[in-house]
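Here's the structure, in structure tokens; my notes come after.
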Amino acid sequence: MTETPQSTPQRTRTAVVTGASSGIGAATARALAAAGFDVVCAARRTDRIDALAQEIGGRAVACDVTDDASVAALASAVGDTLHVLVNNAGGAFGSDPVESADVEQWRAMYDVNVLGLVRVTQALLPALRASGDGLIVNVGSTAGRIAYEKGGGYTAAKHATQVVTETLRLELNGEPIRVSEIAPGMVRTEEFAMVRFGGDAEAAAAVYDGVPDPLVAEDVADAIAWVATRPAHVNIDELVIKPRAQAAQHKVHRVR
Numbered sequence: 042m043t044e045t046p047q048s049t050p051q052r053t054r055t056a057v058v059t060g061a062s063s064g065i066g067a068a069t070a071r072a073l074a075a076a077g078f079d080v081v082c083a084a085r086r087t088d089r090i091d092a093l094a095q096e097i098g099g100r101a102v103a104c105d106v107t108d109d110a111s112v113a114a115l116a117s118a119v120g121d122t123l124h125v126l127v128n129n130a131g132g133a134f135g136s137d138p139v140e141s142a143d144v145e146q147w148r149a150m151y152d153v154n155v156l157g158l159v160r161v162t163q164a165l166l167p168a169l170r171a172s173g174d175g176l177i178v179n180v181g182s183t184a185g186r187i188a189y190e191k192g193g194g195y196t197a198a199k200h201a202t203q204v205v206t207e208t209l210r211l212e213l214n215g216e217p218i219r220v221s222e223i224a225p226g227m228v229r230t231e232e233f234a235m236v237r238f239g240g241d242a243e244a245a246a247a248v249y250d251g252v253p254d255p256l257v258a259e260d261v262a263d264a265i266a267w268v269a270t271r272p273a274h275v276n277i278d279e280l281v282i283k284p285r286a287q288a289a290q291h292k293v294h295r296v297r
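Position in the sequence shown counted from 1, then plus 41, gives you the working numbering.
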């Protein structure tokens, strides 16, 4: 009997995860490897992705998604066929109101969260097509749906992530490529808030102060792995995932 994409052993399938050096990216690489994928761990910090690749039996490829040549090198390393691309590389920089925001921080956020996603997707689309059953998973955010004070640059970038995802789905309709977005709410990782607040540990901790059980990276990775293991005819357009304590961006239960 001819094998279908649904019945093909996952070990024959390859996945790329950008931003795999920590947080959601590293957890996703582990989850996809556990699901049987050969995982390419892509990020700038080679020491971290080397260790991760050794742990999961994957491959490490140094990649800066804001650099055209680096992305081209990633595509070359991946080869002719790819089944899953997880565009996870991103980040939030700064928390100033629009009136006093650092435009360079906004530029950096747009470059990594949006243009980086576009660069990597453009470079790897031929390999995704060649697989006959490709999947693009873009890691967005609930910030891509709701605005909040002092988050203008990040919310603008993540709104753009959502729109790029929707546009890709329209433009690739009829091709053997599915397009999904995972939009997490409050996720406590080792670096996200620290980077946003410029290394201010007190400000970073205050984000989660009193919040019972915020999401962790593994929760989001589990959702991504679930999307990646659906049958070929099933497209999960978007999956919004929040902790029980978070009803909305502005409505979070905190225990005092």
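A virtual CB, placed ideally from N, CA and C, is assigned to each residue, including glycine.
### Message
Check this for me: beta carbons of residue 103 and residue 80, under 9 angstroms apart or not?
### Response
no
Which same chain residues, not among the five before or five after residue 299, have their C-beta less than 7 angstroms away from its C-beta? Residue 299 is absent from the model: the chain starts at 42 and stops at 297.
### Query
When you compare only the Cα positions, how much space is there between residue 291 and residue 87?
37 angstroms
For residue 218, which residues from the same chain have a beta carbon less than 6 angstroms from its beta carbon, with the 5 sequence-adjacent residues on both sides left out?
169 and 175
Exercise. Could you round the C-beta distance between residue 183 and residue 120 to whole angstroms and report it? I think they count as a contact, below 8 angstroms.
Key: The Cβ separation is near 35 angstroms, so there is no contact.
Taking one C-beta from the segment 60–73 and one from the segment 138–145 each time, how about it: are there three or more such pairs within less than 8 angstroms? no
Simplified DSSP assignment, three categories, for residue 273: coil
Item to complete: Confirm, please, whether the CB-CB distance from residue 180 to residue 222 is below 9 angstroms.
Response: yes
**Request:** Give the DSSP bridge partners of residue 253, in chain order.
**Result:** DSSP lists no partner for residue 253.
query: Which parts of the segment 144–187 are runs of the beta strand (DSSP E), unbroken and 3 residues or longer, counting only runs that do not cross its ends?
result: 175–180
Which residue marks the beginning of the beta strand (DSSP E) containing residue 296, and which one marks its end?
Here residue 296 belongs to no beta strand (DSSP E), and DSSP marks it neither H nor E.
Quick one, are the C-beta atoms of residue 253 and residue 190 less than 9 angstroms apart? no
By the three-class DSSP mapping on this structure, what secondary structure does residue 220 have? strand
*Using the DSSP secondary-structure output, state which residues sit across from residue 79 in a beta bridge.*
55
Which of the three DSSP states, helix, strand or coil, is assigned to residue 210? helix
Report task. Report back the beta-carbon spacing between residue 126 and residue 177 to the nearest angstrom; my notes put them in contact at under 8 angstroms. Result -> 5 angstroms
| request: Note down, in chain order, each residue of its chain lying with its Cβ closer than 6 angstroms to the Cβ of residue 296, except the 5 sequence neighbours on either side. | output: 251 and 253
- Count the other C-beta atoms from every protein chain shown that fall within 10 angstroms of the C-beta of residue 274, then say buried if there are 16 or more, exposed otherwise. exposed
Output the boundary residues of the alpha helix (DSSP H) element that contains residue 119. 109–119
**Request:** Return the first residue and the last residue of the alpha helix (DSSP H) that residue 286 is part of.
**Result:** Run containing residue 286: none; DSSP gives neither H nor E here.
Practice prompt. Report all residues from its chain with a CB closer than 8 angstroms to the CB of residue 50; omit the five preceding and five following residues, and keep chain order.
Written response: Summary for residue 50: the model assigns pLDDT 47, below 50, so the residue's position carries little reliability; its value from the coordinates is reported in the next sentence. 77.
Pull up the distance between the alpha-carbon of residue 284 and that of residue 256, whole angstroms please. 5 angstroms
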